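Each residue of the sequence shown is one higher than the one before, counting from 1470 in the working numbering.
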Amino acid sequence: MPDPFETDYVNLTSPAVSHYAVIPADGADLPVRPRALYVNGSGTVALQDQDGEVVSYEVAAGTVLSLRPVRVLAAGTTAQLIAWY
């Protein structure tokens, strides 16, 4: 199918071009650092940033988290997430 936007520059303010289901892991970074996380199922999410800081959030389904974590920890995460990048 033709994509009239294929030559547009992709940046953090443009729509995501790909996505993947997040599999939380305590010992592994995300395969691609996302531009945002979509909450597909409510719960708690434990996110680690580039400085190693871990913060837990209570999230509702349908929420978009405008964060770019390097890791989603299995310990403390019950929400189902989709990464957008």
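Note that the Cβ used here is the ideal one computed from N, Cα and C, for glycine as well.
The model shown is predicted, which means the values in this text are computed figures rather than measured ones.
Top-ranked residue by Cα proximity to residue i, from the options
{"i": "Ala1494", "options": "Ser1535, Leu1516 and Glu1522", "result": "Leu1516"}
{"i": "Ala1505", "options": "Ala1497, Asp1477, Gly1512 and Ala1490", "result": "Ala1490"}
{"i": "Val1523", "options": "Leu1542, Val1501 and Pro1484", "result": "Leu1542"}
{"i": "Val1514", "options": "Met1470, Val1501, Pro1500 and Pro1538", "result": "Pro1538"}
{"i": "Leu1536", "options": "Asp1518, Val1528 and Ala1529", "result": "Asp1518"}
{"i": "Glu1527", "options": "Glu1475, Asp1520 and Thr1546", "result": "Thr1546"}
Sequence-distant residues of the same chain with beta carbon closer than 7 Å to residue i, five excluded per side
{"i": "Leu1430", "result": "Limits of the chain in this structure are 1470 at one end and 1554 at the other, which puts residue 1430 out of reach."}
{"i": "Gly1510", "result": "Ala1530, Ala1548 and Gln1549"}
{"i": "Met1470", "result": "none"}
Beta-carbon proximity of residue i to residue j, cut-off 9 Å
{"i": "Trp1553", "j": "Ala1497", "result": "no"}
{"i": "Ala1544", "j": "Gly1512", "result": "no"}
Assumed close pair residue i, residue j - CB separation to whole angstroms, cut-off 8 Å
{"i": "Gly1531", "j": "Val1508", "result": "6 Å"}
Cβ-based burial, residue i [other Cβ within 10 Å; buried from 16]
{"i": "Val1479", "result": "exposed"}
8 Å CB neighbourhood of residue i in its chain, flanking five on each side removed
{"i": "Leu1499", "result": "Val1491, Pro1538, Val1539, Arg1540, Val1541 and Ala1552"}
{"i": "Ser1483", "result": "Asp1477"}
Sequence-distant residues of the same chain with beta carbon closer than 6 Å to residue i, five excluded per side
{"i": "Ser1487", "result": "Tyr1554"}
{"i": "Ser1525", "result": "Thr1513, Ala1515 and Gly1545"}
{"i": "Ser1533", "result": "For the record, residue 1533 in the displayed sequence is Val; it is not Ser. The residues are Ala1505 and Tyr1507."}
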